[in-house]
Structure formats: structure tokens, C-alpha cells
Amino acid sequence: MQNKGLIKVFAILFGIVSLYQLSFTFFTNRIEDQAKAYAKEHAQENDARSLDNFERIYLDSVANKPAIDLGFTSFTYNDIKDKSINLGLDLKGGINAILQVSVKDILIGLSNDSKNPAFLEALAKADQAQKSSDNTYLNLFFEAFEETSKGSVKLSDPSIFGNKQLRERINFKLSNSEVKPIIEGEVSASISTAFQVLRSRIDKFGVTQPDIQRIGKSGRIQIELPGAKDIDRVKKLLQSTAELQFWEVYTNADVSQFFIAANGKVAEIIKAKEAKGTETSEEVAKDSTATGDEIDNLLGEVTDSLAANKNKDLFSYLLPNIPQSANQLSSLVGYAKVSDTAKVNEYLSNRQVRALLPTDMKYAKFLWDAKPNKNSDLISLYAIKSNRNDVAPIEGDVIDDASQQFDQFGVNAEVSMTMNSKGTKEWAKLTGANVGKFVAVVLDDYVYTAPRVNDAITGGRTSITGNFSVEEAKDLANVLKAGKLPAAAHIIQSEVVGPSLGQKAIDASVNSFLLALALVLVWMVVYYGKAGVYADIALAVNILFIFGVLTAFGAVLTLPGIAGIILTIGMSVDANVLIFERIKEELNGGKTFNDAVKDGFNGALSSILDANITTILTGIILYSFGTGPVKGFAYTLIVGILTSLFTAIFITRLLVDGNVVKNKPLEFVTSLTKGWFRNIDINFLKKRKVAYAISSIIIIAGIVSLFTQGLKYGVDFDGGRSYTVKFAQTLSATEVSEALQDEFNAAPEVKTYGTPDQLKITTNYLIDENGPEVDDKVQHLLFEGLKPYLPEGTTFDQFKGGYDGQTIGIMSSIKVEPSIADDIKTAAKWAILGSIIVMFLYILIRFKKVSFSIGAIVSVVHDVLIVLSVFSLLYRFLPFDLEIDESFIAAVLTVVGYSINDTVVIFDRIREFSKLDNKWSFNTTVNKALSSTLGRTINTSITTLIVLLAIFLFGGDSIKGFMFALIIGVLTGTYSSLFVATPVMFDSTKNKGTEEK
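Residues are numbered in the working numbering as their position in the sequence shown, beginning at 1, plus a constant of 251.
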């Protein structure tokens, strides 16, 4: 090997840099351990939230103090925290969410809320088309508009985009094709604004190492906040449009007579419905402002739920605040349970009910308080003095600054706002006209405060009060300062992991990592003796390099990422196995030790490169099509393969060459393995018809199962919400499912997950509806349904969890809307198809024969079908998840890479034997190649399986299905490389006789 000195220098420098990068993680962990010790000393005993608060206090106190002092420079805790290994969501807890900025809202805003029939119909058609299309909403709108308008009206019409707002860029003479790029630019600019607004909010939230990025041109923004514990805060922060309004309000005296009349009318509607029984939702819709879906939901429940519970009128859900005297006047007009607010809204929006409003109140709208009353599940209702255009007297664009302050007593947190000159005048006018009355401060259609006005406020300053915590007041101030989103943004996919579950995942990952590493190290020594020690040293250096690279480039380490590293350990041994097996062959052929080492390394190089390049290609495809954890797995897999190539080819060579220089022959066997896989001469091709029959039977059984039982799709592919809930005792999954049936109108899927006291609950209830209030409603229903199984006195906040040390309640949750589930399915199909095409082309280029490509691809398809068949046949019976989700697709693509890796080594030996000057027939050449590589094939499979089994058994519940797919894939890939890929290649080769030498 040339340039040994240069390679040594590079390896040493690379190692030093890796240790330097990892040292920051060491010092960060030491300081955080000190913070935990401080918290235990000062916090209330067994109070998890108190522990968390004191831990933060300690870290804040040392944030800017030198943690590492090197004399010529120093690093603070904040500095080293930024340079330490980034732990992902599944290891640290937090939230990963994809937000969809509403392009529809942007278009409505650009059109100045156009009422043009063609425009409105095009929006409705785009809404419908988006449910089953991969196209962007904007393109769907353009297509629908062309179809709807039929040339009778253009996008540049003054009633659409040719309005005052866009008159400098769009005039009525422009054609649709000329207007489209202008609108595309405006929409893109609005999404960019939303991105910047969200980034500004997140930066002020205080989470370390947040990640926010746009996803193409789809209007989607991906946000990951590892370590975020108050998930409700995060969701409100992300989805709040910050549309601030100041309104006059009606008092409880103003609306009391309306409520009494409305109560009677609602009773009549319910009674008429029960009497008729057959009334259709279309007939009811004529008397209501609600949509068809809302009517179905509302009146369907009236018959079944209200009647059963004897709830026959409005006041069954709404407690009106009717004054008994003049001094009881209030801006609060009523109260309701949080779970009943949807029913109250639907009743109050009914056309027959609204017809009872006095003429001077016909534009009134009813809004709820921003949060329930303290120590109660009741929430207050307000009546807002709206108008025909629903435009508030003062809006948030007049706010210059906002900050969290305390009230005059220094006790209660509030938000202090400063207005510009225009706002100051309007605020003075509005408060002056309402002295003795009430004015409401409304943010995103929630009332934060509605106090009585004692005097006109002329200084341009005002405060928002509302029983805030300090964090809530800070968040609200940050939202107002960052500005409002140009359009509503709602979470279409989210994954929430509690920190307790994250710590459990870390412990499980570390244990599985150490076990896998120990088993592989021992196996290499048992099999190869001293040469195995050299391979172990190279493996240890490889692990150091992997973590050094991940830390240096700021990669996020996830649970699948750790699985990728552990898998790399198993597969990186393969390069050493190829080299050692080749050297053994050369020694058995009678060559001297020096020549055997030289020829062994040179001979194995082609196979090593081919095998690893195919796996790298798989990793690249995974990284391109995957999201979140899948990307983490792909990234660590690619890094691991590159570093393992370097360590196997160069580090191992340096160690082995040390024996060559000292003229000390090195045996690549032990007394136990000395005779293994020697002088093997098996006629594999003779057995190919039996192998074809076995594979056909399994695949046919699997296909039958796929058509009858199907596959169990996870929420990634079907859409829905999934909650991992921890209990204090073991529960029956069937019993819990039945208990939740009434809450969700259908029995959710419930199964034991991990430990016997932990259940995974999946439902698609209300998954088509958007907004944080919908997520809250589903969680409330889940809480109500599970109350009998929770310790007495458990509150909803305790159930939601999100703090260290949590012992019961929601440990993690996932939400995926159907629209993004369809996108994930499409990306998965393209990823698998793309990987197969890439592999076909690579094999064709490397081996220059179509038959080799055909054999490899048939083998890959065979392996994928076997894995799918096993999942279809067994998902009902095994005690862990066999869901088809993004992680499963990652596993399938890894199987593709592994299978090709194995096949390429055999093909490489066939090509090598074909070039030898001998009289072998092609049949003999193929059998000889299979026999000569059998030792490497089995050895690599064993080491990889050892690693996978370690992760499967000890690596945590969330990746058991992922690991199971890999285990099946490795077993199948090993079998198919011997009995499918090579035989199919042989059978598809024409003129086999011409291959004879």
C-alpha cells in the first residue's frame, strides 16, 4: 500500500478532530447532570414539574459562564450546547410538526374577499380535488377556474384579482396566463412571510436547536422542537394567526331575552326532529347556516345522544348569565363546558335561531374565552357587536410593540401593548365612546379580556389580561411582536414524544448498542483470531469517526439513526470479512503471506466498492424521499458506510501490513473455525427449481393474504391520531376500546404497546377537521373515556403530560391528516420504484449484461414480496406493531440495499472466474463462485443478524416492527442471493455454451 505515512497522519488527525467534537457533548452532559442534582436538592419531593423548573433555573444561571477554559480561549455552556450532539425528538422528547399554510386563505385575501361566483366555485373545486391529488392547491385552483369560468370572466377581473390591492401589477387587460405568474409570486411571498413569522416566534420560544424548513412549493413548513415540553404552548404558538381585534360587546342584559327565545326554538327543532325521524339533512339545511357535514354531525347526535340524556334544549348545554339587577351587568353572557362548545356554536348558528335576534343585533357573533375558567372546565361566552363586513373598529396592525409585564400589584402576568399614532387616536375614540360599557380584546376569534371602560384611554397603551401564566403572556407578546401570519396555518402532521419516553428510548438504545457492539467484537475474534482483533480496532475507529462526523455537521441523532449506526456496525464488518476470506483463499492456494495479503486486499476491493455503492445509493434514495426519522436513518447509514470503507480498506490494511513488515505470518482462523467453509463444492443451480417452488409457495400465500387480510396501515398512510397512553395497572385492550366507543362514535383500535400497562390508541375521529381546538376536543374525549382507568383525582393536565418523570397519561402522540398521508404513500411508491430502477441500471453498467440486472431485480422484488407477505400473514398475531408506515418503507429500502449488496459480491466472483484461463462451463463457473463466497455470505449474515436481534430485543418498542422487517429481509436476502438472483441470472443468460473457456 502506497502513502502509508499520509494515511496514518490523516487517520490520527481525523481521530483527534472527532474526539474534539465529542468532548463538547461530554462537558454538556456533565453540566446537565449537575443541574439535575441541583433540582433534586431544591425541588419539592417527587414533584416532576418543580424538578424541571429548578433544572432550568440552574442552566440559565450558568448559560454564559465559562464551562471550558483552555487559557487562550473559553466556551460557555451555551457554546458547548450548540456544539454537542443534537438529540432528535424520539430521544429528547418534543414535537415535530408539518404546518400547511392555507393557500386558499391567501387567494381570498389577494382577491379582497371576492364574491365572484366563478372564483368561489373554483375554490370549492380545488378543495375537493386536493383530497386526491398530488398537485399544489394553487395549480388546482387555476385548473378549476379555467373550467368554471369558460372564458366568461378572467382572473384580472376587478371583482377578483384586478382590485385596488393589486392594481399596480394587474389590470383588466391581462390574460389568465399573464396573471398566473403574478399570483404565484404573491402566494410564494406570503408563504415566505409565514415562514419568517414562524421562525421569529420559535426563536423567542427558548427551545435549543430548533429546526424549521420549507417543504418545496407546497405551502408546507416542517418544524422540529426537540426538548419542548409544554406542547399546548407550542401548538398555539405555531397555529395562531395573531389577528388582533378590538370590539364593542353586548352585555348579558342585551342578549338575555334572545337566549330565552333561542332556548325554546332549539327545543322545537329537537322535538320536530324526533317526531319526524326521517327528516333528511338536506331539508334541515334549508333552515340553518351550518354546512351539510355539520348538520349530519349535529342532528345525528341530537337523536341519539341528546334524547338519551334528556337534553332537549339550548340550556342543556349553555348556562346563560341573566342579570337579576342593574349592578350585575357583565360582558359575560353565558358559560358552557369545554366539551359542549361545539354544540352551542351549532345551535347559535342555526338560521331559525338567529332569526330571533333583534334587528340592531342581527350581525352579532358569539365568541368564547381564550381559556376555561380557573379551577373549572367551564368557559365563558361573549356577544360581539360585529357588522355586515365583520371588520373590527381597530385591528392589530396598529400595534408597535408588545411585552410581558405584571399588573400594578406585581402579581398577575399581562401583555402590555404600545400603539402607533393612528391606533392611539382610534383607541381613544373607541374607549371614549364606551365609558361605563365593555370593550373586548380578541385574538384569532378568542376573547382574551373584555373589561369595563372607566375612562377614555388616550396614551396609546393598553394591556391584555386574562389569568395568564408568565409563559403564556410571553408567548402572546412574542406572537404580537412577530406579526400575524398572512394566512391560517394548521398542523397536518405531528409527532409528540414526552421526555420520559425519550429517556427510556435513550437507555434502550445505549443498551442495544453496547450489546450489539460486544457481540460483534467477540464474534470477530472467535472467527478470525488475531486478525479479528485488527477488525475490531478498525470497527472502534469507525464508530469514533461516525459520531465525530455527525457532531461536526450538526446532524440530529434519532432512534432510527442509532439503528442505522448499529446496522452499519454489522455491515461494516462485511468489508473486513471480504478481505479476510480472500486472503485465506490466497493462502490456501499456496501463496506466501506477503503475496496473499497484497492479492487479498486487491482482489476484494472491487467487491467491497460494488457492495457498498449499492447500499449508499439506497441511502441516498431514502434521504431524498424520506422525512424526519427516515432521513436520520439514511444519513447515519451513508456516513457509516463511507467511514467503514475508509477504516476497512486503510486502517485494517495498516494493521495487517505491520505483520508483513515484521515478517510475522498472521492466521485468519482459530482452532475452532479452521476447517469451516473449506473445499466446498455445491451444485446450487441443480437445486434452483426446488428453490423456485419454495419461493413461489410463500409469495402466493402472501399475495392471497394481501388480498384477503391486507396490510395494517399506520397513521402515516391512513391518516388519523395515535396516542401511546401509560396506566398504573394492566388493562384489557378490548375493554378500553369498548369504553371509548361512545366518545368517538366508533371503537378505536387499541392494543398493548411495549409493557402490559401501556396501550396504543388509534382513531380517525374528526381527522378531516382542522384547528387546535379540534385536537383539544379529541384529547378531552380520550381523557373522559379513560377516566375510570386512571387514578382518582387525575386532572386533564396531568393526563396530557409532557414533563419529565411522567408516570401515567399520554406519553407520545402522532397525528397525520389524510391529505399528507396520501403524499407519504406516493413518496414511498416512488422511493421503492426509484431504488429498483437505480439498482437495475447500476448492475447493468458494472456487469454489462442484462441477465445480471434481471437476476438482481427479480431477487429484490422477491425479497420485498416476502417481507410484505410476512407482515400481512402475521400482523394480527404478533405482540408488537407490524404497521406499514414510513419506517417500514425505510426497512424495505434497506432490505433492497442489503440484498443487492449480497448479490453483487457473488456476481463479482462470477465475473472474475469467467476471466480465468480454464475449461469451466458457465454452469460450473456459477457454482464455483457461489461455493467460494459462501463463507463470506454466511459470516456477514450472522454478524448483521446478531446486531439486528440485539436492537430488536433491547432497542425499544417503537422500532420493533422496523427491526423485524430488517431481520426478515436479511434472512430472505441471504437466501435469494444464493437461490434466486444467481439462478435467475443463469436462466436468463443466452448462449451459455459460448461462456465456456
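Note that the Cβ used here is the ideal one computed from N, Cα and C, for glycine as well.
Quantities reported herein were computed from a predicted structural model and do not represent experimental measurements.
- The beta carbon of Val686 sits closer than 6 angstroms to the beta carbons of Val704 from its chain, once the five residues preceding and following it are set aside; these are given in chain order.
- The C-beta distance from Val1221 to Leu1199 rounds to 6 angstroms, short enough to fall under 8 angstroms.
- The beta carbons of Leu923 and Val773 sit about 13 angstroms from each other, so the pair does not count as a contact at 8 angstroms.
- In the structure shown, the three-state DSSP call for Gly815 is helix.
- Between the C-alpha atoms of Asn386 and Phe393 there is a straight-line separation of about 11 angstroms.
- Annotation: Asn863 to Val1112 spans about 20 angstroms, alpha carbon to alpha carbon.
- For Asn514 against Asp591, the beta-carbon gap comes to about 14 angstroms, at or over 8 angstroms, which does not count as contact.
- Here the C-alpha atom of Val987 lies approximately 21 angstroms from the C-alpha atom of Glu1134.
- Short of 6 angstroms from the beta carbon of Ala1232, and not among the five residues preceding or following it, lie these beta carbons of its own chain, in chain order: Gly1106, Ala1107, Ser1110 and Thr1154.
- Under DSSP, Leu321 takes part in no beta bridge, so it has no partner.
- Straight-line spacing of the CA atoms in Leu957 and Val1115 works out to 13 angstroms.
- Here Thr1191 is buried, its C-beta having at least 16 other C-beta atoms within 10 Å.
- In terms of CA proximity to Asp1008, Tyr1040 leads the group Thr1184, Ile1018 and Tyr1040.
- Remark: C-beta atoms of Met1062 and Thr865 do not approach each other more closely than 8 angstroms.
- In this chain, the alpha helix (DSSP H) harbouring Asp908 covers Thr903 to Val912.
- Counting every other CB atom within 10 Å of its CB across the protein chains shown gives Ser428 a total below 16, marking it as exposed.
- Judged by pairs of C-beta atoms under 8 angstroms, the stretch 630-644 touches the stretch 609-620, as three or more such pairs exist.
- Lys588: member of the beta strand (DSSP E) spanning Leu583 to Lys588, first to last residue.
- Taking C-alpha positions only, Thr1184 is separated from Leu838 by approximately 16 angstroms.
- An exposed status is given to Phe261, since fewer than 16 other beta-carbon atoms sit within 10 Å of its beta-carbon.
- Within 10 angstroms of the beta-carbon of Thr981 lie fewer than 16 other beta-carbons, which makes it exposed.
- Taking one beta carbon from each stretch, the stretch 1148-1166 and the stretch 844-858 have 3 or more pairs nearer than 8 angstroms; the two touch.
- Taking all protein chains in view, the Cβ of Val1146 is crowded by 16 or more other Cβ atoms within 10 Å, so the residue is classified as buried.
- A direct Cα-Cα distance of roughly 45 angstroms separates Ala767 from Ala445.
- The straight-line gap separating the alpha-carbon atoms of Phe1047 and Asp628 is approximately 10 angstroms.
- Tyr633 has Leu583 and Leu618 as its beta-bridge partners, per DSSP.
- Between Ile820 and Thr887, the C-beta gap is not smaller than 8 angstroms, which leaves the two residues out of contact.
- Gln656 is bridged by DSSP to Glu665.
- Exclusion of the five residues before and after Val604 leaves Ala513, Lys516, Val517 and Tyr598 as the residues of its chain whose Cβ lies within less than 7 angstroms of its Cβ.
- Distance from the CA atom of Ser353 to the CA atom of Thr985, rounded to whole angstroms, is 39 angstroms.
- In the three-state reduction of the DSSP assignment, Leu962 falls in the coil class, being assigned neither a helical nor a strand state.
- Three or more beta-carbon pairs separated by less than 8 angstroms link the stretch 926-940 to the stretch 1225-1239, which places the two stretches in contact.
- A direct Cα-to-Cα measurement between Lys424 and Asn390 gives close to 22 angstroms.
- Just measuring C-alpha positions, the residue of Ile1197, Gly345, Phe1230 and Ser1138 sitting nearest Phe1213 is Ser1138.
- Here the alpha carbon of Ile359 sits roughly 41 angstroms from the alpha carbon of Leu962.
- By the criterion of a C-beta distance shorter than 7 angstroms, Ile1157 is surrounded in its chain by Ala1180, Leu1181, Thr1184, Ser1228 and Thr1233, once the five residues flanking it on both sides are discounted.
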